[in-house]
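Just so you know, the sequences run in chain order C and X. The opening residue of the first sequence carries number 150 in my numbering; numbering runs sequentially from there. The opening residue of the second sequence carries number 11 in my numbering; numbering runs sequentially from there.
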Amino acid sequence: MEIVRPQSHRNLFSSNDAVSVPSLPLYRSAPPLEVRLEDFESFAIDRLRVLKGISDGLSRGKKPEEMEKLVKELWKVNMRHQHASEVLNKDIISHFVLRLVYCRTEDLRKWFLSMECALFRYRFRFLTPEAQRAVMDNFDLTCRAVNNVEFESIKEKLGQVARSMGQPSPTVDAIFYKVPFEEVPELVAGRKVFISQGYAYVAMNQVVSLVATLFRSQLSKTLILTNRVAINCCRKWTSSIREQEKHRLTPIVEALSSSYLGPDFSQPREYAEISLKDIDQVAKSSFPLCMRHLFDKLKEDHHLKHGGRMQLGLFLKGVGLNLEDALAFWRAEFSKKVGLEKFEKDYSYNIRHNYGKEGKRTDYTPYSCQKIISSTPGAGDQHGCPYRHFSEENLRAALSRMGVNSRAMEDVMDKVRNRHYQLACTLTFEALHGMTCDAGINHPNQYFSDSQKILQPKKDSSAQNLVTARE
Amino acid sequence: MIPQQQSDFDHNYLKPYYGKLFPFADIFKWMTYGHDGKHPGCDQSYFGRREFSFTLKGDFYLRFQSFNNALELENSIKEKCPLKIDIGPVYTVDPAKRHAYAQGDNNVFAPVERELIFDIDMTDYDDVRYCCRGADVCLNCWPLMTIAIKVIDASLRDDFGFNHILWVYSGRRGVHCWVCDGKARRLTNEQRASIADYYRVYKGNENSHKKVSLMGAALHPFLATSYTNVLKDYFEKILLTSQNLLATEERYEKILSMIPDESIASELRGKWQDSRRSSSAKEDINVVRWEQCKQLLQSGKHKAQGLRRCVEEIVFFFTYPRLDMEVSKHMNHLLKAPFCVHPKTGRVCVPIDPNQCDDFDPTTVPTLFQLLEELNNEGSRADVNGEWNGTSLGNAIALFRTSFLEPLQKACKEEIERSYNLKLQQSKNSVGW
């Protein structure tokens, strides 16, 4: 792409193509377009709004149907252009600009990849069948359709799979695609496909998953390459653009990559620091249910399995517990069960590791609700999201131990039944604090700090840190 | 419950074990995966990029150990006498040099290959076995492991197309599985997680409803095959009786609580409360009661939704394999090496032949003491095949070689040759004027 001066505006892309068939570009290569400088920034920001909207929707636990509607709306609102012929250009240009910006670190790449893949997936779903087939052609999929002979030999198994999902057995003219099982991890994980000798048999209505995985793997590879290229590119760009424009371009790129995506609680705010003696008290008053449960179980059993130690340990770090106090806290509990020596040998290392003091010194971030909800606690585990992972009776018991009254309890359970786990937690918060929480709970540390703000209004509630998200 | 012999393990005896019995050459051959330098297509750096870790006496833990050749590996183990040897992944670079490569955000030190591994532990079955708890195992509950091996092994081969699979006794209460095909070693974390989830049926813990939930008009072919070929028979012909699953009120109530239709449950309860002792002592009471239970659930008389798969759900609950998901999901997860000695039992982690796993008896696995005694009795024989020939370890090592290592090496060499020839072709094609 070439950055041109504001006055000139040339479009090398054929306008007919863009209007006739609404297509889904695969972003395989940067197109030979010329971009106005102001479009460079505004296109990217519009697309960023779409991606952030998707990120927001996902972290609020929206169901697929709701996400589909949301994506349609976000795209319509943000990605239109006064010249219909420019819509496709905007799509492509905005993607490549953001790619340039978000390729630079592992965390940014991860976020960008997730959101672009989600966007691609939902947009694919509302393409016409012809357009979908065109995309599949691009991924060389149509040639992997199962022929009649093979279909006959596996028809019964395919029928079993369909009926196990409550769907009718496939008819004789049903199309199936035979792909390596590695290409459809979602379908494999859910036992939604018949697998034989390393190949998965994907039904037409499951093709979205397949295409999305292929798109993701393609984009993932190019992001890493882009990072290497971008460093060179930037040098080329900055040397070929005149002085004023250079000063305009660099800050734009910088600003886009550090756009506010939500606090990640990796740097605890000073005023929220808690010390060892405060823990018991704040656990009762300000911990969300998931952490309260882990805390109580720890006090009761003097032990937690790995998943629980991570979830609670990182939460406490986010809440402001320093390393020394954390070690004292865990030591006090664990040594009652395993003894002091074993604690020092087996457990203290991992606590220091969580604080970035060992090994590769990553400073781990506390888990968000999205991450906790999607965890899979097994036998003997106490972590996870109680609204999701507890049976109804156990959840009711836990909530009433926290002090939730019976009327609020019904509202909460109603949310749980509809799988709105974070809304259930928000209602719990509101019931216990007697105040509404408009933003909704997205992060256990957010629950804590919001709670403390209400209970200790004397402390300064200064503006939140604007930090780069690291999901 | 078979009591463990008190002193089958002594750290001092590890020295002669590593000195004379541990099969270093075999482990090395395995870990090189054909990259032994004998073919121009070999990657000389491959073995050196593999992580080993040692647990030493006094609970010292040495991670990121790596070696350039078999001799270095052997000398280090003989010198340090680790209580446990773990095998990790193959990294992008030699683990010992990792600090030089970890620069800021773009971490160039990362795993590139790792076997697909599974860990099945008897403690995860504590709610379905009454003979033992926790770390104990006996011949009454060991069939649960046999079931796991059969179900998973068949699926790994038939469904996923893997061929080079090693099953190992963990030394005390479980089994490990190593899938070593090239395709398996190169799986991403996401793909590993998808396979682990494919195998996941039992969900939940003490906080949720412990559940086996088999909805739908049919079972997925994998579950159906497992049920028909393995689970049903083991449940009805072995576990029902050996675990006395329906013999007492406490135990049959557990099964009755899994029947969503209260009228059926009470009908059965009525039948069983009255017949304390089975009038016909011929037939085992558990078998009789299970027949009655199945009859009612499958009769078609009560055709409620949740009932359709109730019989299967009960069987799955008591028999279906329970994997440790976390072990399989991440490339960097360490796993104990075969032929280690378990410090609590003294037993050697020997391979298990999946085709003969019905015959495997964890209570007769050779122990450290036993092996060293055998060595002493035989005298030291400079045997051309190595000293293990005269001991009980011989069979284990022979099994490792013939059923696993040799076919694997053959396949690896073929793969190396194939990709080497391919590269040659490509470079020939690209050289042009």
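All C-beta atoms in this analysis are idealised placements derived from N, C-alpha and C, irrespective of residue type, glycine included. Keep in mind the model is a prediction, meaning the values are calculated, not measured.
Open item on the list: Quick check on X:TRP152: does DSSP put it in helix, strand or coil?
Closed with: Walking along the second sequence from the start, residue 152 of chain X turns up at place 142. It is coil, neither helix nor strand.
Open item on the list: Rounded to the nearest angstrom, what separates C:PHE364 and C:GLU235 at their Cα positions?
Closed with: Here residue 364 of chain C corresponds to residue number 215 of the first sequence, with the count starting at 1. Here residue 235 of chain C corresponds to residue number 86 of the first sequence, with the count starting at 1. Approximately 24 Å between the Cα atoms of the pair.
Task: Cβ of X:GLN201 within 8 Å of any chain C Cβ - done: As a working note, residue 201 of chain X is residue 191 in the second sequence. Yes, X:GLN201 lies at the interface with chain C (some Cβ there is under 8 Å from its Cβ).
Task: Paired residues, beta bridge with X:GLN308 - DSSP - done: Start at 1 with the first residue of the second sequence, and residue 308 of chain X comes out as number 298. X:GLN308 pairs with nothing; no bridge assigned.
- [ ] Starting from C:GLN309, find everything on chain X with Cβ-Cβ shorter than 8 Å and list it in chain order.
- [x] Stepping through the first sequence from its first residue, residue 309 of chain C is reached at position 160. Chain X residues near C:GLN309: ALA228, LEU229, HIS230, PRO231 and ALA234.
Task: X:GLY184, DSSP secondary structure in three states - done: Residue mapping note: residue 184 of chain X aligns to position 174 of the second sequence, counting from 1. Correct three-state label for X:GLY184: strand.
TODO: Inspect the CB distances between the region 187-199 of chain X and the region 114-133 of chain X and report whether three or more fall short of 8 Å.
DONE: yes
Open item on the list: I need the boundaries of the alpha helix (DSSP H) containing C:GLY206, first residue and last residue.
Closed with: Reading the first sequence from its first residue, position 57 is the one you call residue 206 of chain C. That run of the alpha helix (DSSP H) goes 186-208.
TODO: Work out the CA separation of C:MET551 and X:ASP20 for me, nearest whole Å.
DONE: Looking up residue 20 of chain X in the second sequence gives position 10. Looking up residue 551 of chain C in the first sequence gives position 402. Distance between the alpha carbons of X:ASP20 and C:MET551 is about 51 Å.
- [ ] Output, in chain order, the set of chain C residues within a Cβ distance shorter than 8 Å of X:ASP168.
- [x] Locating residue 168 of chain X in the second sequence gives position 158, where the first residue counts as 1. In chain order: SER345 and GLN346.
Open item on the list: Helix, strand or coil, according to DSSP, for X:GLN435 in the structure here?
Closed with: Numbered from its first residue, the second sequence carries residue 435 of chain X at position 425. Looking at X:GLN435 - three-state DSSP - the assignment turns out to be helix.
- [ ] Flag this pair as yes or no: are the beta carbons of X:PRO372 and X:TYR179 separated by less than 8 Å?
- [x] Here residue 372 of chain X corresponds to residue number 362 of the second sequence, with the count starting at 1. Here residue 179 of chain X corresponds to residue number 169 of the second sequence, with the count starting at 1. It is a contact, given that the beta carbons lie within the stated cut-off.
Open item on the list: Relative to the C-alpha of X:THR401, which candidate in X:SER413, X:LEU382 and X:LEU409 has its C-alpha closest?
Closed with: Position 391 of the second sequence, counting from 1, holds the residue named residue 401 of chain X. Comparing Cα positions, the closest option is X:LEU382.
TODO: Using only alpha-carbon positions, find the residue among C:GLN430, C:PHE343 and C:LEU374 that is nearest to C:GLU255.
DONE: Position 106 of the first sequence, counted from the first residue, corresponds to residue 255 of chain C. Nearest of C:GLN430, C:PHE343 and C:LEU374 to C:GLU255, Cα basis: C:LEU374.
Task: Pair within 8 Å by beta-carbon distance, X:SER76 and X:ASP96 - done: Translated into the one-based positions of the second sequence, residue 76 of chain X becomes position 66. Translated into the one-based positions of the second sequence, residue 96 of chain X becomes position 86. No, the pair does not count as a contact, with Cβ atoms beyond the cut-off.
Task: Backbone CA spacing between X:GLU216 and C:VAL468 [nearest angstrom] - done: Locating residue 216 of chain X in the second sequence gives position 206, counting from the first residue. Locating residue 468 of chain C in the first sequence gives position 319, counting from the first residue. Roughly 28 Å between the two C-alpha positions.
Task: Which listed residue (C:SER263, C:PHE189 and C:PHE288) has its alpha carbon closest to that of C:PRO174 - done: As a first step, residue 174 of chain C is located in the first sequence; it is residue number 25 there, counting from the start. Nearest of C:SER263, C:PHE189 and C:PHE288 to C:PRO174, Cα basis: C:PHE288.
Open item on the list: Under 8 Å, CB to CB, which of the residues in the region 536-553 of chain C have a partner in chain X?
Closed with: HIS538, PHE539, SER540 and ASN543
Open item on the list: Just to make sure I have the definition right: I need the residues of chain X whose C-beta is within less than 7 Å of the C-beta of C:THR525. Which are they?
Closed with: Against the first sequence, residue 525 of chain C aligns to sequence position 376. Under the 7 Å cutoff, chain X gives MET335.
Open item on the list: Under DSSP, the beta strand (DSSP E) around X:GLY463 begins and ends at which residues?
Closed with: Any answer about residue 463 of chain X is impossible in this case: the structure gives chain X only from 11 up to 443.
Task: Distance between beta carbons of C:VAL561 and C:LEU581, contact taken as under 8 Å - done: The residue labelled residue 581 of chain C in the question sits at position 432 within the first sequence. The residue labelled residue 561 of chain C in the question sits at position 412 within the first sequence. Not a contact, Cβ separation roughly 11 Å.
Task: For X:ASP129, the three-state DSSP class (helix, strand or coil) - done: By one-based count along the second sequence, residue 129 of chain X stands at place 119. X:ASP129 falls in the strand class under three-state DSSP.
Task: Counted within 10 angstroms of its Cβ, other Cβ atoms place X:GLU322 as buried (16 or more) or exposed - done: Mapped onto the second sequence, residue 322 of chain X falls at position 312. By the neighbour-count rule (16 or more Cβ atoms within 10 Å), X:GLU322 is buried.
Task: Three-state class that DSSP yields for C:SER316 in the structure shown - done: For the purposes of this step, residue 316 of chain C is taken as the residue at position 167 of the first sequence. The sequence given here has Gln at residue 316 of chain C, not Ser. Looking at C:GLN316 - three-state DSSP - the assignment turns out to be coil, as it is neither helix nor strand.
Task: When C:SER178, C:SER243 and C:PHE261 are compared against C:TYR251, the one with the closest alpha-carbon - done: Your numbering for residue 251 of chain C matches position 102 in the first sequence. Closest in alpha carbon position to C:TYR251, among C:SER178, C:SER243 and C:PHE261, is C:PHE261.
TODO: Could you tell me the boundaries of the alpha helix (DSSP H) in which X:GLN75 lies?
DONE: For the purposes of this step, residue 75 of chain X is taken as the residue at position 65 of the second sequence. For X:GLN75, there is no enclosing alpha helix (DSSP H); the residue is found in the beta strand (DSSP E) stretching over 70-75.
Task: X:ILE426 versus C:GLU299 - alpha carbon distance - done: Counting from one through the second sequence, the residue named residue 426 of chain X turns up at place 416. Counting from one through the first sequence, the residue named residue 299 of chain C turns up at place 150. Between X:ILE426 and C:GLU299, the C-alpha separation is close to 32 Å.
Open item on the list: Using 8 Å as the threshold, is the C-beta distance between C:SER435 and C:LEU572 below it?
Closed with: Indexing the first sequence from 1 puts residue 435 of chain C at position 286. Indexing the first sequence from 1 puts residue 572 of chain C at position 423. Going by C-beta atoms, C:SER435 is not nearer than 8 Å to C:LEU572.
Task: Test: X:GLY404 CB closer than 8 Å to a CB of chain C - done: Indexing the second sequence from 1 puts residue 404 of chain X at position 394. Chain C contact via Cβ: absent.
Open item on the list: Suppose the cutoff is 8 Å on Cβ atoms and the five residues either side in sequence are ignored; what does the same chain contact list for C:MET228 look like?
Closed with: Residue mapping note: residue 228 of chain C aligns to position 79 of the first sequence, counting from 1. If we look at C:MET228 and ignore the five residues flanking it on each side, its Cβ neighbours are ASP195, ARG196, VAL199, VAL236, LYS239, ASP240 and SER243.
TODO: Measure the C-alpha to C-alpha separation of X:LEU255 and C:LEU463 and round it to an integer number of angstroms.
DONE: As a first step, residue 255 of chain X must be located in the second sequence, where it is residue number 245. As a first step, residue 463 of chain C must be located in the first sequence, where it is residue number 314. Going from the Cα of X:LEU255 to the Cα of C:LEU463 covers about 43 Å.
TODO: Pick out the complete alpha helix (DSSP H) segments inside the region 348-388 of chain X, 4 residues or longer, and give them in chain order.
DONE: 378-388
Task: Closer than 8 Å to chain X by CB, C:PRO606 - done: On the first sequence, residue 606 of chain C is found 457 positions in, with the first residue counted as 1. Not one chain X Cβ lies under 8 Å of C:PRO606.
Task: Beta-bridge pairing of X:SER63 - partner residues as DSSP gives them - done: Indexing the second sequence from 1 puts residue 63 of chain X at position 53. Residue pairing by DSSP puts X:SER63 in a beta bridge opposite X:ASP96.
TODO: Consider the Cβ of C:LYS494: report whether some Cβ of chain X lies at a distance smaller than 8 Å.
DONE: Translated into the one-based positions of the first sequence, residue 494 of chain C becomes position 345. Cβ-Cβ to chain X under 8 Å: yes for C:LYS494.
- [ ] Output yes if chain X places a C-beta closer than 8 Å to the C-beta of C:PHE436; else output no.
- [x] The residue given as residue 436 of chain C occupies position 287 in the first sequence. Chain X, which has no Cβ nearer than 8 Å to the Cβ of C:PHE436, makes this no.
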